[in-house]
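Those sequence lines, one after another, are chains V and Y. The numbers in the first sequence follow the numbering used here, run straight up by one, and end at 525. The numbers in the second sequence follow the numbering used here, run straight up by one, and end at 382. Here's the structure we're looking at; comments come further down.
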Amino acid sequence: MTIFTITDLVDWSRAQFALTAMYHWLFVPLTLGLGFICAFMETIYYRRGFDPEWRRTVRFWMRLFAVNFAIGVATGLILEFEFGTNWSNYSYFVGDIFGAPLAIEGILAFFMESTFVAVMFFGWNRVSPRMHLASTWLTAIGANLSALWILVANAWMQYPAGMRFNIETARNEMVDFLEVALSPVAMSKFAHTVTSGFLLASLFVVAISAWFLLKKRQEAFAIRSMKVAAVFGLVSAVFTAWTGDTSGVHVARYQPAKLAAMEALYEGRNGTPLTVVGLLNTDKKHDNDAPIFDFEVKIDKMLSLLAFHDLDAFVPGFNDLIYGNAEHGIMPVSEKMERGRKALEQVTLYSNAMREGDTGELARIKRLFDIDTPEGEAFYNDYFRYFGYGFLKSEDEIVPPIGLVFYSFRVMVGLGVWFVVLFAACLVMLKKGTLVRRRWALWLMLLSLPLPYVAGQAGWIVSEVGRQPWTVQDMLPAMASVSELSYEAVRTTFFIFAVLFTMLLVAEIMIMVRQVKNGPEAIKD
Amino acid sequence: MESYLTYQHYWWFVISLLCGILVFLLFVQGGQTLIYRLSGGDKDRKTLLINVLGHKWELTFTTLVTFGGAFFASFPLFYSTSFGGAFYVWMAILFFFVIQAVAYEYRSKPSNLLGARVYESFLVLNGFFGTILLGTALGTLFTGAEFTVSRDNIASLSGSNVISQWQSPWRGLEAVLDYRNVALGLAVFFLSRTLAIHYFYATVNSNKIIAKSRRPLIVSTVLFLVFFLVFFGGVMLGGGYETNHATGRIWYVAHKHFHNFVELGWLGAGFLLGLVMVLVGLFMGLDRCKNTIWVSGPGVVVTVTALMLCAGFNNTAYYPSLSDMNSSLTVSNSSSSLFTLKTMTYVSYLIPLVVAYIAFVWYLMTKKRESVDDLDDAPEKY
Chain V
1 MTIFTITDLV DWSRAQFALT AMYHWLFVPL TLGLGFICAF METIYYRRGF
51 DPEWRRTVRF WMRLFAVNFA IGVATGLILE FEFGTNWSNY SYFVGDIFGA
101 PLAIEGILAF FMESTFVAVM FFGWNRVSPR MHLASTWLTA IGANLSALWI
151 LVANAWMQYP AGMRFNIETA RNEMVDFLEV ALSPVAMSKF AHTVTSGFLL
201 ASLFVVAISA WFLLKKRQEA FAIRSMKVAA VFGLVSAVFT AWTGDTSGVH
251 VARYQPAKLA AMEALYEGRN GTPLTVVGLL NTDKKHDNDA PIFDFEVKID
301 KMLSLLAFHD LDAFVPGFND LIYGNAEHGI MPVSEKMERG RKALEQVTLY
351 SNAMREGDTG ELARIKRLFD IDTPEGEAFY NDYFRYFGYG FLKSEDEIVP
401 PIGLVFYSFR VMVGLGVWFV VLFAACLVML KKGTLVRRRW ALWLMLLSLP
451 LPYVAGQAGW IVSEVGRQPW TVQDMLPAMA SVSELSYEAV RTTFFIFAVL
501 FTMLLVAEIM IMVRQVKNGP EAIKD
Chain Y
1 MESYLTYQHY WWFVISLLCG ILVFLLFVQG GQTLIYRLSG GDKDRKTLLI
51 NVLGHKWELT FTTLVTFGGA FFASFPLFYS TSFGGAFYVW MAILFFFVIQ
101 AVAYEYRSKP SNLLGARVYE SFLVLNGFFG TILLGTALGT LFTGAEFTVS
151 RDNIASLSGS NVISQWQSPW RGLEAVLDYR NVALGLAVFF LSRTLAIHYF
201 YATVNSNKII AKSRRPLIVS TVLFLVFFLV FFGGVMLGGG YETNHATGRI
251 WYVAHKHFHN FVELGWLGAG FLLGLVMVLV GLFMGLDRCK NTIWVSGPGV
301 VVTVTALMLC AGFNNTAYYP SLSDMNSSLT VSNSSSSLFT LKTMTYVSYL
351 IPLVVAYIAF VWYLMTKKRE SVDDLDDAPE KY
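Here's what the structure looks like:
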């Protein structure tokens with residue numbers, strides 16, 4: 001078999017996974033949030049003595065939930081299997097840790113979601129109201145539980161914890177499940193991601209309700225829906241901002257290159273300013289002296305404060321991370337690569353010793369990989385922790401695409417601020433009873449509908465592009481994770497799924513628009 | 001070591017059980033291939049069939065996802081070898097399942113871009129190719145595939161880092177060259193159609209649909225039996241690989257799978273019990289008994305579980321390598337660590353609870369057989 005070039009294969013594999021993940025994240029956040037919004041509304045319906053208006057309201061939103069739900073499930077299936085098809089080496093190397101959350105997700109969350117979603121849609125006249133309400137809640141909880149486990153898995157890739165390398169199996173193995181499942185990165189990632197889904201779903205409801213108010217149709221229905229969604233949206237938006245701050249602290253601590261990309265920071269310093277907005281100079285590289293920005297607005301010391309909660313903290317830039325900074329204890333990448341290769345060499349030596357039956361050599365190397373022995377602890381600190389760097393061919397491979405990460409971060413944060421303002425304003429106007437008169441506000445709400453989708457995609461770009469080249473931080477780069485495929489095979493399937501997903505997205509949007517136009521009056525009792 | 005091996009076998013049992021449940025639930029796919037035939041061109045009857053199947057599609061889908069997730073977690077080396085190797089086959093399976101997921105929801109909705117006929121054709125395509133491809137892929141657990149495994153590749157600084165390497169440029173499509181794989185694929189396909197008709201007996205209240213199901217039921221039942229016997233006979237007469245879990249050595253044994261059934265008497269008995277249940281179900285189906293699915297369905301679960309156990313138990317290599325015998329995968333050389341298997345075992349204790357609520361909801365949603373009139377009154381339908 002001919003492999004064209006590894007770079008092409010890695011890039012196409014990245015593109016295929018990114019395509020699936022980005023489409024998946026177009027649908028999933030709405031499922032996460034709209035499930036709860038339906039559950040809130042159905043609870044109100046139940047507690048208000050089965051008010052038929054609330055029943056129509058919840059059924060209208062449930063219909064839109066259903067249209068969106070199926071395609072989220074479908075893209076999720078591919079995402080799971082692409083770990084095996086496209087990233088087979090990764091699947092073996094860390095499958096012992098990464099696979100467990102996926103299996104738990106299937107057993108505990110997917111079945112709950114898929115079992116009760118059928119009752120939620122089709123059970124109105126088949127089960128008791130109480131059972132139906134319970135099913136709606138269980139569907140929402142199931143969807144969010146599944147998000148928990150996949151985000152635990154994702155967080156582990158950003159912050160590998162609770163595992164050890166086993167020299168006999170040449171892979172990483174889990175030694176502490178709670179450390180994996182409850183790692184601070186996992187918790188903040190889960191909270192940040194699901195609340196951003198709640199926010200998106202809330203804005204979805206607010207925007208569509210605003211359309212009904214602009215059309216002067218179903219005003220009571222629209223106001224009713226808006227009240228629920230705006231409260232949920234404001235709480236979620238504030239919580240998303242708060243958890244975003246926590247995530248930023250984790251990035252600063254565990255993924256400094258990602259933070260440097262988010263800020264286009266080349267030279268580290270104490271009291272680092274935060275670039276609020278900026279236009280990057282495309283000629284700037286880490287190894288030249290060109291200015292970083294053509295235009296910038298900065299707040300002095302703010303990045304140090306946000307990243308380390310200390311106005312004078314040192315934030316490393318790419319030049320510190322690549323070439324090292326002895327004063328701040330940062331080792332050059334070239335040195336890390338050298339140490340990583342020594343760790344890799346021991347794996348090869350172990351295999352050779354196995355073949356030759358050299359028990360003395362086997363015992364020696366085993367001790368090196370046993371962190372409970374003094375020489376194991378020293379080997380871990382001096383060499384093994386740089387294992388992933390051993391795969392790198394050049395030191396600047398640790399630099400992710402800066403422009404994409406830098407701009408995506410600003411888009412995400414800027415929109416996050418806008419959402420807080422929008423939901424707060426919506427609630428104030430609802431309380432004063434002035435919203436219906438203020439058509440400009442309704443238009444703003446309607447036109448904001450695509451924005452949480454943009455923010456969500458931007459957030460994932462920051463998270464995933466920003467951690468390149470690593471599939472598992474500092475342990476395994478993408479080039480050593482990929483399956484041995486021809487790039488043509490990956491490219492072909494990339495386009496097949498790109499066409500399919502795009503077609504289905506267009507279909508979903510057309511169906512949604514039609515359902516909205518039909519309105520709640522089309523709901524049959 | 002003994003304890004580790006016990007957990008490895010336990011997880012092979014869980015995988016086998018999930019596979020058995022998945023093959024049973026493929027009746028949804030089988031039913032999709034019958035929507036035109038059984039409705040006789042009547043739009044309402046077709047909608048009725050799609051709706052009774054549509055209430056269950058997510059269960060099949062979820063079982064497939066869980067089957068994949070459980071394989072990933074418990075036998076990651078299989079996951080990386082088969083999925084990364086038989087790339088075209090798995091991508092094709094994914095494609096045919098994706099088009100199914102949206103077809104139910106979008107088919108009857110206005111402004112659905114492609115029109116109802118296209119979404120119905122998605123259901124039919126999923127029914128044909130989803131079952132045949134999955135069955136053919138499962139066949140390779142008995143007949144093997146062309147791959148090599150070398151763990152020390154991970155540390156290679158000069159050559160390829162890839163641990164599992166596929167040796168055929170056809171990326172899994174070469175499985176069709178072994179008649180036993182194809183026979184299993186076709187057996188799963190015709191079984192899914194047979195089970196679908198059994199399911200319709202229990203859930204559909206339409207004399208016209210039931211009357212039209214007679215002929216396809218007989219054809220599907222007979223062809224299932226023929227293709228299953230071809231597969232089963234071929235596997236029993238063929239050889240397999242045996243391993244010593246302590247040393248990792250692997251060698252060829254003639255009629256290995258047959259020996260497994262004989263040497264593990266309980267497994268042979270379980271397989272026969274499942275087979276008898278399936279056969280009884282098939283005969284009940286010919287009498288149009290509405291409870292048939294509750295005999296044939298569990299029979300399929302038991303039979304497939306026993307077959308999968310036969311593939312991995314009794315020191316058998318469950319994924320034989322045709323390129324390098326010693327690269328073959330066994331429960332001991334391809335599993336996750338003891339810690340991970342133990343952790344997941346605690347989670348798996350919740351499976352009976354999951355099965356219980358699925359059964360409860362199934363009962364609630366299907367306790368009354370549905371008719372075309374019921375569908376007219378339903379607040380929501382596909």
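C-beta: ideal position from N, C-alpha, C; glycine also.
A contact between stretches requires three or more CB pairs, one per stretch, nearer than 8 Å, and the region 463-479 of chain V meets this requirement with the region 389-402 of chain V.
For N281(V), the secondary structure class from DSSP, reduced to helix, strand or coil, is coil. Listed in chain order, the non-local C-beta contacts of Q468(V) below 6 Å within the same chain comprise P400, local neighbours out to five positions each way being set aside. According to DSSP, I330(V) shares a beta bridge with N325(V). The beta-carbon of T143(Y) is placed no less than 7 Å from the nearest beta-carbon of chain V. D51(V) has its alpha-carbon roughly 27 Å from the corresponding atom of L200(V). In this structure L145(V) touches L108(V) by the C-beta definition: roughly 6 Å separates them, less than 8 Å. In this structure F190(Y) is not in contact with L141(Y), their Cβ atoms being roughly 20 Å apart against a cut-off of 8 Å. A check of alpha carbon separations from G233(V) across M262(V), F419(V), R171(V), A363(V) identifies F419(V) as the nearest.
Looking at the DSSP output, G240(Y) shares a beta bridge with V253(Y).
Take the alpha-carbon of N291(Y) and the one of F283(Y): they are about 12 Å apart. As the crow flies, the alpha-carbon of A118(V) is around 19 Å from that of E105(V).
The C-alpha of Y252(Y) is placed about 28 Å away from the C-alpha of I154(Y). If you look at A211(Y), you'll find it in the alpha helix (DSSP H) that goes 207-212. Contact between L427(V) and A230(V) is confirmed by a C-beta separation of about 5 Å, below the 8 Å threshold. Check the Cα spacing between W156(V) and each of E296(V), D96(V), D358(V), V127(V): the tightest is with D96(V).
Interface annotation for the region 118-131 of chain V against chain Y: A118, V119, F121, F122, G123, W124, N125, R126, V127, M131, criterion Cβ-Cβ distance under 9 Å. The beta carbon of R55(V) lies closer than 6 Å to those of Y45 in the same chain, with the five residues before and after it left out. Judged by pairs of C-beta atoms under 8 Å, the region 50-64 of chain Y does not touch the region 225-242 of chain Y, as fewer than three such pairs exist. Contacts with chain Y at 7 Å (Cβ-Cβ) include S351(V). DSSP, reduced to helix, strand and coil, places P129(V) within a helical segment of the structure shown. The way I'd put it, the region 172-181 of chain V doesn't touch the region 123-133 of chain V; fewer than three beta-carbon pairs between them come closer than 8 Å. When rounded, the separation of the alpha-carbon atoms in S135(V) and N51(Y) is 19 Å. Contact between K56(Y) and V28(Y) is confirmed by a C-beta separation of about 5 Å, below the 8 Å threshold.
The C-beta of A306(Y) has 16 or more other C-beta atoms within 10 Å across all chains shown, which makes the residue buried. Proximity of chain Y to V67(V) at the Cβ level (cut-off 8 Å) is accounted for by E105, Y106, K109, in chain order.
Only residues of its own chain outside the window of five on either side were considered, and among them L234 have a CB closer than 8 Å to the CB of A424(V), listed in chain order. Per DSSP, the continuous alpha helix (DSSP H) segment holding R180(Y) begins and ends at 179-203. CA-to-CA, the gap between S448(V) and A145(Y) works out to about 52 Å. Contact between F24(Y) and L195(Y) holds, since their C-beta atoms are separated by about 7 Å, short of 8 Å. Around the beta carbon of R63(V), 16 or more other beta carbons lie within 10 angstroms, which makes this residue buried. Under the rule that a run must span 4 or more residues, the alpha helix (DSSP H) segments found entirely inside the region 141-184 of chain V read 177-181. By a beta-carbon distance limit of 8 Å, Q158(V) does not contact V490(V). Their separation comes to about 24 Å.
With a threshold of 7 Å between beta carbons, D324(Y) makes no contact with chain V. Of the candidates N260(Y), K46(Y), F87(Y), the residue whose Cα lies closest to the Cα of L123(Y) is K46(Y).
A distance below 7 Å between beta-carbons, with the five flanking residues on each side excluded, links L203(V) to the following residues of its chain, in chain order: G233, F419, S448, L449, P452.
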